[in-house]
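Report on one structure; see the data block that follows.
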Amino acid sequence: MPFYEKGETRLYHEDTGGSGFPLLVIPGGGLNSTVEGLKTHPFNPLVEFKDEFRVIAADLRNAKGGQSTGPLETDRPWDAYTDDHIGLMDHLGIRHFMVLGFCIGGPFIWNLLKRAGDRVVAAVPVQPSGYRHEMPELSYKNNMKGWGAELCERRPEITMAMVDKFLSNMYRGERADFVYTVSRDFVRQCRTPILILPDDVPGHPYVVALESAYLAPNAQVTLYPWKMNPSQLQLALRHVRGFLKNNRPAVAAQPLAAAAQ
Amino acid sequence: MPFYEKGDVRIYYEDTGGSGFPLLVIPGGGLNATIAYTRNTATAPFDATAEFKNEYRCIAFDLRNANGGQSSGPLEIDRPWDSYTDDMLGLLDHLGISEFMALGYCIGGPFIWNLLQRAGRRVVAAVPTQPSGFRPTMPTLFYDNNIKGWAPALCERRPDITMAMCDAFLKNMYTKRADFVFTVSRDFVRDCQTPVLVLPDDVPAHPYATAMESVYLAPNAQVSLYPWKDNPEKVRLAVRHVRTFLKANRPN
Numbered sequence: 001m002p003f004y005e006k007g008e009t010r011l012y013h014e015d016t017g018g019s020g021f022p023l024l025v026i027p028g029g030g031l032n033s034t035v036e037g038l039k040t041h042p043f044n045p046l047v048e049f050k051d052e053f054r055v056i057a058a059d060l061r062n063a064k065g066g067q068s069t070g071p072l073e074t075d076r077p078w079d080a081y082t083d084d085h086i087g088l089m090d091h092l093g094i095r096h097f098m099v100l101g102f103c104i105g106g107p108f109i110w111n112l113l114k115r116a117g118d119r120v121v122a123a124v125p126v127q128p129s130g131y132r133h134e135m136p137e138l139s140y141k142n143n144m145k146g147w148g149a150e151l152c153e154r155r156p157e158i159t160m161a162m163v164d165k166f167l168s169n170m171y172r173g174e175r176a177d178f179v180y181t182v183s184r185d186f187v188r189q190c191r192t193p194i195l196i197l198p199d200d201v202p203g204h205p206y207v208v209a210l211e212s213a214y215l216a217p218n219a220q221v222t223l224y225p226w227k228m229n230p231s232q233l234q235l236a237l238r239h240v241r242g243f244l245k246n247n248r249p250a251v252a253a254q255p256l257a258a259a260a261q
Numbered sequence: 262m263p264f265y266e267k268g269d270v271r272i273y274y275e276d277t278g279g280s281g282f283p284l285l286v287i288p289g290g291g292l293n294a295t296i297a298y299t300r301n302t303a304t305a306p307f308d309a310t311a312e313f314k315n316e317y318r319c320i321a322f323d324l325r326n327a328n329g330g331q332s333s334g335p336l337e338i339d340r341p342w343d344s345y346t347d348d349m350l351g352l353l354d355h356l357g358i359s360e361f362m363a364l365g366y367c368i369g370g371p372f373i374w375n376l377l378q379r380a381g382r383r384v385v386a387a388v389p390t391q392p393s394g395f396r397p398t399m400p401t402l403f404y405d406n407n408i409k410g411w412a413p414a415l416c417e418r419r420p421d422i423t424m425a426m427c428d429a430f431l432k433n434m435y436t437k438r439a440d441f442v443f444t445v446s447r448d449f450v451r452d453c454q455t456p457v458l459v460l461p462d463d464v465p466a467h468p469y470a471t472a473m474e475s476v477y478l479a480p481n482a483q484v485s486l487y488p489w490k491d492n493p494e495k496v497r498l499a500v501r502h503v504r505t506f507l508k509a510n511r512p513n
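Here the protein sequences line up with chains F and X, keeping their order. Per our numbering, the first sequence runs over residues 1 to 261. Per our numbering, the second sequence runs over residues 262 to 513.
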């Protein structure tokens, strides 16, 4: 089973391989995001796009039910996960890639664009998470209950106080706005093509998804709703496929070493 | 000013030229569809020619006998939809164009389906924008609109055409075809493999239900966000979707 290891971090990932352009898939499920969880998502990109792209997905570090582990970097929660995403792509020798992320994958995508915008060719936030003013503690509380408690049980070196700090730095204070990871000004200036598949459950506010689509100069948005029946889902997937196809570079992905020359 | 002429038919058209893949732009405005419709933001949500002329060879035209337009021809009472479709195919033949994409507003929706039925091999991809369709709750809408808004002015300037002829023409066009998208059957749409991107609307003449039914039936259909015309930001999002769709389906 493939693991990417760096220091104390050990990341389980799956890679369909092949010569297709790389598509990093970030599963949803909050901090319990795993490759296995993709099977319960509205669609599974590992199945849907494997014939056209090299699809790579990973268990999030320290996700419940997953196989990835690593330290709890309380002072830099979002960046710690983004380190893993970028590190995994480096490990696989991938310079340029596209990214499709469910739920928490939305904020992760924006952070990837901020930190490695020159490597991300196009991005697809699917039912993206975002801050909802009328439920300001939603993400913090969900993860304290649904992730923090179980993590502390299986990792004695991690305490609920550490989890509280981690989640507070992730979701509260200055982060409690918009898509958590980047500012509206960043989105306004981001030229990367983005296709958003909006949702409107408490953790995935439609208004934030649309606001980011309005701001980003090369954004698109699918039909909404798109998950009510299989026919709608097919329509959304055709849009995603056309979007990925259009933005895929004409030449195959270059390995890191070749790209650096 | 360029005209395509065939027999008694004279079609005014505009052609941006260039080496881009051809994009036929079918204006809206019912039987008064003219190029001016697409240029006016009060009538068209976006001007397809202005949007896409840098990437495509855009060809637009005035519908035969549209009031306010420069195209003219006989009123082919027994074959209303096909006579207009003849004009479109004839214009493209005249321009030496074999394969093309089509983007049509309003009445352009039924025209696109008729183009796909009659010349499916030539139409590489199509974009029905706020397409017209039959609304069972308003079964005489199109007949009524055109017998009032198109026929009288046409009869006034064309003494060879009478209101009785217009009545027969519109009955053959709408009353006897009062279902779905007027021009083709659901079975045709179900079998149509051509990529289609629909931008739905929901005013009386542009039923959302019909637009979505066609999208669900067509095996390679896509649909834009909806609504997409209530603010300029959404129009931009929809146009970006159109651009992606056209580019994805443009032959290399």
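Glycine included, each C-beta is placed from N, C-alpha and C at the ideal position.
Relative to Cys427 of chain X, the option among X:Asp339, X:Ile272, X:Tyr265 whose CA is nearest is X:Asp339. The beta carbon of Leu100 of chain F does not come within 8 Å of any beta carbon belonging to chain X, so the residue lies off that interface. An exposed status is given to Asp491 of chain X, since fewer than 16 other beta-carbon atoms sit within 10 Å of its beta-carbon.
With a contact defined as Cβ atoms closer than 8 Å, Tyr366 of chain X and Gln391 of chain X qualify at about 6 Å. Near chain X, meaning a CB-to-CB distance below 8 Å, the residues of the segment 217-228 of chain F are Asn218, Ala219, Gln220, Val221, Thr222, Leu223, Tyr224. For Thr471 of chain X, the uninterrupted alpha helix (DSSP H) segment begins and ends at 469-478.
Using a Cβ-Cβ cut-off of 9 Å, His239 of chain F is close to Leu458, Gln483, Val484, Ser485, His502, Thr505, Phe506 of chain X, given in chain order. Not one beta carbon of chain X lies nearer than 8 Å to the beta carbon of Phe108 of chain F. By the Cβ neighbour-count rule, Val201 of chain F is exposed, with fewer than 16 other Cβ atoms within 10 Å of its own. In the DSSP annotation of this structure, the continuous segment of the beta strand (DSSP E) that includes Val286 of chain X starts and ends at 282-287. Between Tyr140 of chain F and Val208 of chain F a beta carbon distance of about 17 Å is seen, past the 8 Å cut, so the two are scored as non-contacting. Residues of the same chain with a CB within less than 7 Å of the CB of Leu376 of chain X, apart from the 5 flanking positions on each side, are Thr346, Met349, Ala363, Val384 in chain order. Taking 8 Å as the threshold, the shortest C-beta distance from Ala509 of chain X to chain F falls below it.
At a cut-off of 8 Å between beta carbons, Tyr477 of chain X contacts chain F.
Within chain X, Glu494 have C-beta atoms less than 7 Å from the C-beta of Tyr214 of chain F, given in sequence order. As DSSP reads the structure, His13 of chain F sits in a beta bridge with F:Ala58. Here the segment 305-312 of chain X lies against the segment 490-510 of chain X, with 3 or more beta-carbon pairs under 8 Å apart. Taken atom to atom, the span from the alpha-carbon of Thr74 of chain F to that of Arg172 of chain F is near 13 Å. Sequence-distant Cβ neighbours of Leu46 of chain F in its own chain, meaning closer than 7 Å and more than five residues away, are Glu14, Thr16, Val25, Leu38, Val55, Ala57. The Cβ-Cβ distance between Tyr273 of chain X and Asp354 of chain X does not fall below 8 Å.
Relative to the Cα of Ala213 of chain F, the nearest Cα in the group F:Pro193, F:Lys227, F:Asp59, F:Gln232 belongs to F:Pro193. If you draw a 10 Å sphere on the C-beta of Gly279 of chain X, you find fewer than 16 other C-beta atoms in it, and that means exposed. For Cys319 of chain X, DSSP records a beta bridge to X:Leu284.
In the structure shown, Met362 of chain X adopts extended strand secondary structure according to DSSP, grouped into three states. In the structure shown, Ala236 of chain F adopts helical secondary structure according to DSSP, grouped into three states. Sorting X:Ala466, X:Met399, X:Glu316, X:Gly351 by C-alpha distance to the C-alpha of Asp269 of chain X places X:Gly351 at the top. Residues of chain X with a Cβ closer than 7 Å to the Cβ of Phe243 of chain F are, in chain order, Thr505. DSSP, reduced to helix, strand and coil, places Glu153 of chain F within a helical segment of the structure shown. The three-state reading of DSSP puts Gln483 of chain X in strand, counting E and B together. About 5 Å separates the Cβ atoms of Leu31 of chain F and Asn143 of chain F, confirming a contact at the 8 Å cut-off. With contacts defined by Cβ atoms closer than 8 Å, Val99 of chain F and Ala63 of chain F do not form a contacting pair.
Against Leu233 of chain F, chain X offers no close residue; the least beta-carbon distance is about 11 Å (beta-carbon pairs closer than 8 Å). Residue contact check for Leu364 of chain X against chain F: no CB pair falls below 8 Å.
Of the candidates F:Pro128, F:Val121, F:Pro205, F:Gln234, F:Pro128 places its Cα closest to the Cα of Phe102 of chain F.
At a beta-carbon threshold of 7 Å, the residues of chain X lying near Asn246 of chain F are Thr505, Lys508, Ala509, ordered along the chain. Straight across, the Cα-Cα distance linking Pro217 of chain F with Gly117 of chain F is about 15 Å.
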